[in-house]
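The sequence shown begins at 129 in our numbering and counts up by one. Every residue, glycine too, gets a C-beta built ideally from N, C-alpha and C. This report concerns only the one structure given below.
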Amino acid sequence: MPIIAANMDTVGTFEMASALASFDILTAVHKHYSVEDWNAFTSTASEDVLRHVMVSTGTSDADFEKTKQILAQSPALNFVCIDVANGYSEHFVQFVSKAREAWPTKTICAGNVVTGEMCEELVLSGADIVKVGIGPGSVCTTRVKTGVGYPQLSAVIECADAAHGLGGMIVSDGGCTMPGDVAKAFGGGADFVMLGGMLAGHEESGGKIVEENGEKFMLFYGMSSESAMTRHVGGVAQYRAAEGKTVKLPLRGPVEYTARDILGGLRSACTYVGASPSERADETHDVYSGTGTRKPHFQ
Numbered sequence: 129m130p131i132i133a134a135n136m137d138t139v140g141t142f143e144m145a146s147a148l149a150s151f152d153i154l155t156a157v158h159k160h161y162s163v164e165d166w167n168a169f170t171s172t173a174s175e176d177v178l179r180h181v182m183v184s185t186g187t188s189d190a191d192f193e194k195t196k197q198i199l200a201q202s203p204a205l206n207f208v209c210i211d212v213a214n215g216y217s218e219h220f221v222q223f224v225s226k227a228r229e230a231w232p233t234k235t236i237c238a239g240n241v242v243t244g245e246m247c248e249e250l251v252l253s254g255a256d257i258v259k260v261g262i263g264p265g266s267v268c269t270t271r272v273k274t275g276v277g278y279p280q281l282s283a284v285i286e287c288a289d290a291a292h293g294l295g296g297m298i299v300s301d302g303g304c305t306m307p308g309d310v311a312k313a314f315g316g317g318a319d320f321v322m323l324g325g326m327l328a329g330h331e332e333s334g335g336k337i338v339e340e341n342g343e344k345f346m347l348f349y350g351m352s353s354e355s356a357m358t359r360h361v362g363g364v365a366q367y368r369a370a371e372g373k374t375v376k377l378p379l380r381g382p383v384e385y386t387a388r389d390i391l392g393g394l395r396s397a398c399t400y401v402g403a404s405p406s407e408r409a410d411e412t413h414d415v416y417s418g419t420g421t422r423k424p425h426f427q
């Protein structure tokens with residue numbers, strides 16, 4: 129199933145990967161685990177679980193060396209997710225090329241971008257899958273903090289066309305709050321859909337649990353939020369601003385129930401639009417714009 133749990137430290141955990149592998153769902157494990165953590169995980173996880181894991185990395189020299197160690201110790205790991213908030217830099221493109229040269233047999237996912245031209249450049253630089261989305265996430269504030277962003281469905285349609293023309297693929301990252309939104313992303317041409325908020329708040333999600341008035345909640349935050357930067361780099365650097373927020377989610381229990389709900393919705397969507405497993409959803413799915421809802425979802 130071409131769904132990917134997002135590489136956020138309150139979603140993309142080892143526990144999440146183990147749970148979702150049984151549903152044939154991928155997990156982009158967040159980049160803040162140490163090499164020792166990876167050693168412990170890969171030594172006990174089944175090969176089937178490892179085949180459903182993406183190793184996430186940033187673009188520093190230290191990130192590259194760490195990822196190289198992780199991949200060397202576990203050949204069953206086939207996916208690398210090169211993740212930055214802003215994929216529009218020469219350094220990022222060069223890192224993708226470096227990763228392709230270093231790992232010619234691995235499947236490389238790289239992003240984030242939102243335009244066809246940049247999708248093409250990343251595919252030509254060695255990315256198999258381009259991660260598409262700037263600002264649509266439920267705990268992302270990039271659009272309101274910076275004025276930069278792109279409507280997610282429009283980005284998916286344009287980037288899918290560009291990537292597919294070169295034999296590449298895209299993953300729609302952000303903007304989904306319910307199973308129907310996932311179906312729309314596939315209808316727009318996405319090959320994969322990455323989910324954060326829909327998979328947060330579960331037993332496997334890894335967020336901190338807090339209690340208010342006798343009710344328990346799990347914290348969920350964007351990876352450019354003050355919470356994330358305080359946890360991983362000691363705070364927000366003076367030269368920049370946080371571009372994410374922290375929310376409290378009611379505990380949702382095991383993720384398996386949410387996974388079943390998402391997959392059930394997608395199966396039903398396929399019957400409505402006449403799609404079979406062998407067809408691309410965008411070949412059977414038309415998207416129309418409406419104004420009847422005050423809070424649109426995937427858009």
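Could you tell me which of the options sits nearest to residue i, measuring between CA atoms?
i    : options                : result
T233 : T243, C247, H219, L205 : L205
G244 : Q280, S225, R228       : Q280
E331 : G381, M136, Y161, V139 : G381
E286 : T269, T274, P307, K259 : K259
K312 : V157, L394, M136       : L394
C398 : P378, F314, D389       : F314
Q201 : A283, G295, V163, E249 : V163
T141 : L379, D152, H160, S396 : H160
T170 : S188, E193, S146       : S146
D289 : G329, V338, A318, K376 : A318
E143 : G392, T269, E384       : E384
G392 : N341, L379, V375, P307 : P307
G316 : V338, T274, V284, T235 : V284
A230 : S282, K194, V212       : K194
S184 : V272, I132, D309       : I132
G295 : T269, E249, I390, D309 : E249
G342 : G329, L379, V310, K373 : L379
A173 : D389, S188, P203       : P203
T269 : R179, G239, A213       : A213
D152 : E175, F192, D191       : E175
H219 : T235, F345, D189       : D189
T374 : F345, S396, Y400, I390 : F345
V310 : I390, K376, R271       : I390
M129 : D165, R179, V338       : R179
E340 : K376, T305, G329       : K376
Round the Cβ separation of residue i and residue j to the nearest angstrom and send it over; I've been treating them as touching at under 8 Å.
i    : j    : result
G261 : G303 : 7 Å
G324 : S266 : 7 Å
K336 : L327 : Their Cβ separation, rounded to whole angstroms, is 16 Å, which puts K336 and L327 out of contact at 8 Å.
C237 : F207 : 7 Å
L154 : M182 : 6 Å
D137 : G350 : Rounded, the Cβ-Cβ distance is 11 Å, inconsistent with contact.
A387 : L148 : 6 Å
G263 : V241 : Incorrect: roughly 12 Å between the Cβ atoms, too far for contact.
I257 : I298 : 7 Å
A291 : V251 : 6 Å
D191 : G239 : Actually they are not in contact, since the Cβ atoms of D191 and G239 sit about 15 Å apart, beyond 8 Å.
N135 : A156 : 4 Å
DSSP has residue i in a bridge; who is on the other side?
i    : result
V157 : V183
P378 : F345
F320 : V299
A149 : Answer is none; A149 lacks a bridge partner.
V260 : V241, S300
Could you have a look at residue i and say whether DSSP puts it in helix, strand or coil?
i    : result
E286 : helix
A238 : strand
A311 : helix
A255 : coil
A134 : coil
E143 : helix
E339 : strand
T421 : Reliability of the predicted coordinates at T421 is poor, the pLDDT of 44 falling under 50, and no value is obtained from them.
Q399 : Checking the displayed sequence, the identity of residue 399 turns out to be Thr instead of Gln. Of the three classes helix, strand and coil, the one that applies to T399 here is helix, per DSSP.
L294 : coil
G392 : helix
M246 : helix
V276 : coil
E331 : coil
G325 : helix
T305 : coil
S404 : coil
T233 : coil
Query raised in the report: Unbroken beta strand (DSSP E) runs of length 3 or more, entirely within the segment 159 to 219: which are they?
Result: 181 to 185, 207 to 211
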